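Residue numbering for the sequence shown follows my numbering, starting at 154 and increasing by one per position. Cβ coordinates follow ideal geometry from the N, Cα and C atoms, glycine included. On a predicted model such as this, the values are computed, not experimentally measured, just so you know.
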Amino acid sequence: MKDEKCFEEQERQGEAVAGETRELTLERFEEAFEQVSRVTQETKLVYSEYFSAACGNKVYLKPENMQCTGAYKVRGAFYKISTLTQEEKQRGLVTASAGNHAQGVAYAARMAGIKATIVMPTTTPLIKVNRTRSYGAEVVLYGSVFDEACEYACQLAREHGYTLVHPFDDLDVATGQGTIAMEIIKELPTVDYILVPIGGGGLCAGVSTLAKLLNPKIRIIGVEPAGANCMQVSLNQGKVTTLPEVSTIADGTAVKRPGEKVFPYIRENVDEIITVEDSELIVAFLDMVENHKMIVENSGLLTVAALRHLNVRKKKIVSILSGGNMDVITMSSVVQHGLIQRDRIFTVSVLLPDTPGQLARVSALLAGEGGNVIKLEHNQFISINRNAAVELRITLEAEGTDHKNRIVQALQDEGYRPKLVKSKGTYSD
């Protein structure tokens with residue numbers, strides 16, 4: 154199968170490393186921590202009063218979105234490159250990524266003076282493509298999802314002799330990512346739960362393994378998009394399984410097949426997998442912006458959305474925010490849809506007699522209820538008999554569901570028979 158060729162290439166190159174056993178051990182994590190500390194930003198835990206109150210626990214955020222490349226991926230990339238032989242470096246690097254690993258490899262390769270070729274899906278947000286190029290890497294756009302880009306990266310490795318740096322199915326990469334757990338436990342030794350996003354599994358394998366090595370009582374919760382739950386399906390099947398397709402706005406975790414090498418570590422060390430719907434990520438983005446003034450990409454918000462799924466109280470929980478590389482167009486769209494989901498923007502339709510003063514009457518009513526009019530659409534052709542009725546569609550800003558209901562009720566009380574109109578362009582369309 155095409156999806157398996159990339160892993161075969163990674164296995165072939167891994168076997169070529171002279172006599173080294175690639176395992177996730179405490180010694181390797183300690184070595185990686187020393188290496189990674191040279192290039193990473195300090196991402197201290199942020200206590201969240203808002204999310205703590207919302208879920209009844211003490212919630213801390215691990216803001217890896219504040220890393221130099223905007224995501225945690227620089228950890229694994231830098232450590233991986235530090236383990237390569239001089240010959241492997243001279244051949245140049247190749248990898249595939251939906252964006253964050255791409256930037257991590259490009260950044261680390263530039264620091265090491267190594268050529269890097271990055272294959273990215275054609276659907277990758279422009280900000281990730283441009284930033285990867287800004288670090289000096291050659292970017293090749295190929296395929297609509299990560300798995301297709303990965304297959305092409307493996308093809309390039311075979312054709313040109315490049316050294317493949319797999320974004321997640323590489324135990325050196327996973328070791329570098331796992332240094333996050335060491336930082337969390339050093340800062341919060343009594344942590345009860347760590348929530349980790351899962352795409353292919355590298356981050357989760359590293360974090361869960363090191364956390365369990367340091368304190369077996371810590372519970373590790375992996376979080377996946379419901380539309381790309383390849384790890385959950387694989388664990389249920391008892392073997393690595395390829396999804397027929399993926400569909401999620403969390404592009405960084407839109408993976409059809411998890412990693413073969415990291416799978417055993419996740420099976421052993423992860424206590425539970427939670428899946429999150431895209432609609433929950435939209436609301437989480439709004440919550441993060443309004444309450445913490447932070448931009449976190451959809452994949453990084455998986456662990457925030459998962460907080461409401463936990464059936465525990467009064468526990469110390471760390472949510473890893475894996476990245477913050479999000480283009481402005483996507484941000485504006487997510488904000489709009491989040492406001493709609495929260496009933497802070499809604500559209501209502503009313504029928505009015507086509508007589509002077511009707512619009513002013515409705516406007517006065519809305520002003521009295523504190524509704525802020527964003528848009529008006531006055532349709533005189535809703536009925537053949539214009540004297541009988543014209544349609545007025547009003548898009549309003551409200552404080553939330555209760556306020557929206559008060560406005561609708563006020564229109565009802567005035568005899569307008571208001572009808573709520575489904576907003577166009579929502580993810581639920």
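Exposed or buried, what is residue i when buried is set at 16 or more other beta-carbons lying within 10 Å of its beta-carbon?
i, result
"ARG191", "exposed"
"ALA437", "buried"
"VAL282", "buried"
"GLU157", "Note that GLU157 scores 49 on pLDDT, short of 50, meaning its location in the model is unreliable; the coordinates nonetheless yield the value given after this. So GLU157 ends up on the exposed side."
"THR428", "buried"
"ASN532", "exposed"
"ALA520", "exposed"
"PRO506", "exposed"
"PRO558", "Note that residue 558 is Asn in the sequence shown, not Pro. Burial call: exposed."
"GLU180", "exposed"
"VAL481", "exposed"
"GLU202", "exposed"
"GLU241", "buried"
"LEU512", "exposed"
Could you give the first and the last residue of the continuous alpha helix (DSSP H) run that contains residue i?
i, result
"THR401", "No alpha helix (DSSP H) holds THR401; DSSP gives it neither H nor E."
"PRO350", "Taken as a continuous stretch (DSSP letters only), PRO350 belongs to no alpha helix (DSSP H), being part of the beta strand (DSSP E) at 346 to 350."
"THR236", "226 to 236"
"ILE280", "279 to 287"
"SER486", "481 to 494"
"TYR260", "253 to 265"
"VAL561", "554 to 566"
"ALA310", "299 to 313"
"VAL360", "355 to 367"
"ALA437", "431 to 445"
"PHE186", "179 to 189"
"VAL515", "511 to 521"
"TYR200", "Element bounds for TYR200: not the alpha helix (DSSP H) but the beta strand (DSSP E), 199 to 201."
"LYS469", "Counting along the chain, LYS469 falls outside any alpha helix (DSSP H), though it belongs to the beta strand (DSSP E) covering 469 to 474."
"VAL386", "383 to 390"
"GLU241", "239 to 243"
"VAL457", "455 to 458"
Taking residue i as part of the beta strand (DSSP E), name the residues at either end of that continuous run.
i, result
"MET273", "269 to 273"
"GLU530", "525 to 532"
"GLU544", "543 to 550"
"LYS211", "211 to 216"
"GLY375", "372 to 378"
"LYS572", "572 to 574"
"LEU324", "Note, LEU324: premise wrong, no beta strand (DSSP E); alpha helix (DSSP H) at 324 to 340."
"PHE499", "498 to 505"
"GLU421", "Taken as a continuous stretch (DSSP letters only), GLU421 belongs to no beta strand (DSSP E), being part of the alpha helix (DSSP H) at 416 to 422."
Residue i: which of the options sits nearest, CA to CA?
i, options, result
"TYR346", "ASN464, ARG311, GLY405 and LEU324", "ASN464"
"ASN444", "LYS409, ALA207, ALA327 and GLN243", "ALA207"
"ALA358", "GLY331, PRO369 and LEU341", "GLY331"
"MET484", "ALA513, GLY229, ILE280 and LYS233", "ILE280"
"LEU214", "VAL449, VAL526, THR328 and LEU309", "VAL449"
"LYS226", "THR548, VAL386, HIS319 and ILE547", "HIS319"
"SER235", "VAL326, SER250 and PRO216", "VAL326"
"THR554", "LEU504, HIS490 and ARG495", "ARG495"
"SER205", "VAL487, TYR295, LEU504 and MET441", "MET441"
"ALA403", "THR456, THR548 and PRO216", "THR456"
"GLU567", "LYS557, VAL399, LEU549 and ARG514", "ARG514"
"LEU388", "GLY405, ILE426, LEU367 and ASN368", "ILE426"
"HIS254", "ARG244, ALA290 and GLN243", "ALA290"
"GLN256", "GLY296, TYR288, ASP300 and THR500", "TYR288"
"THR276", "ALA262, GLY296 and THR343", "GLY296"
If I measure Cβ to Cβ from residue i and keep anything under 7 Å in the same chain, skipping five residues before and after, which residues do I get?
i, result
"THR401", "PRO378, GLY380, ALA381, ALA407 and ASP431"
"ALA563", "LEU518 and GLU522"
"GLN220", "THR193, GLN194, THR196 and VAL227"
"THR174", "Because the pLDDT at THR174 is just 45, under 50, the model does not fix this residue reliably, and the value given afterwards should be weighed accordingly. Here the set comprises nothing."
"TYR232", "ALA185, GLN188, VAL189, ASP325, THR328 and GLY329"
"VAL298", "PRO274, VAL399, ALA407 and LYS409"
Since I believe residue j is in contact with residue i (beta carbons under 8 Å), could you give me their beta-carbon distance rounded to a whole number of angstroms?
i, j, result
"ILE374", "LEU348", "5 Å"
"SER361", "VAL423", "5 Å"
"VAL293", "THR285", "The pair is not a contact, with the Cβ atoms about 11 Å apart (cut-off 8 Å)."
"ASN218", "GLY510", "No, ASN218 and GLY510 are not in contact; Cβ-Cβ is about 53 Å, not under 8 Å."
"PRO350", "VAL376", "6 Å"
"ILE547", "LEU529", "6 Å"
"ALA302", "ALA259", "The pair is not a contact, with the Cβ atoms about 15 Å apart (cut-off 8 Å)."
"VAL393", "LEU198", "Not a contact, Cβ separation roughly 33 Å."
"ASP322", "GLU413", "6 Å"
"LEU633", "ALA224", "Look at the range of the chain in this structure, 154 to 582, and you will see that residue 633 is not part of it."
"GLY355", "GLY229", "6 Å"
"GLY491", "ILE435", "5 Å"
"ASN210", "ARG461", "Not confirmed; about 11 Å, so no contact."
Going by beta carbon distance, what residues of the same chain come within less than 6 Å of residue i, once the five residues before and after it are set aside?
i, result
"ILE560", "GLU522 and GLY524"
"ALA334", "VAL360, LEU363 and ALA364"
"ILE473", "LYS215, VAL349 and THR456"
To which residues of the same chain is residue i closer than 8 Å at the C-beta, ignoring the five residues directly before and after it?
i, result
"GLU552", "ARG497 and GLY523"
"LEU237", "THR316"
"PRO278", "GLY252, ASP404, ASN478, MET479, ASP480 and THR483"
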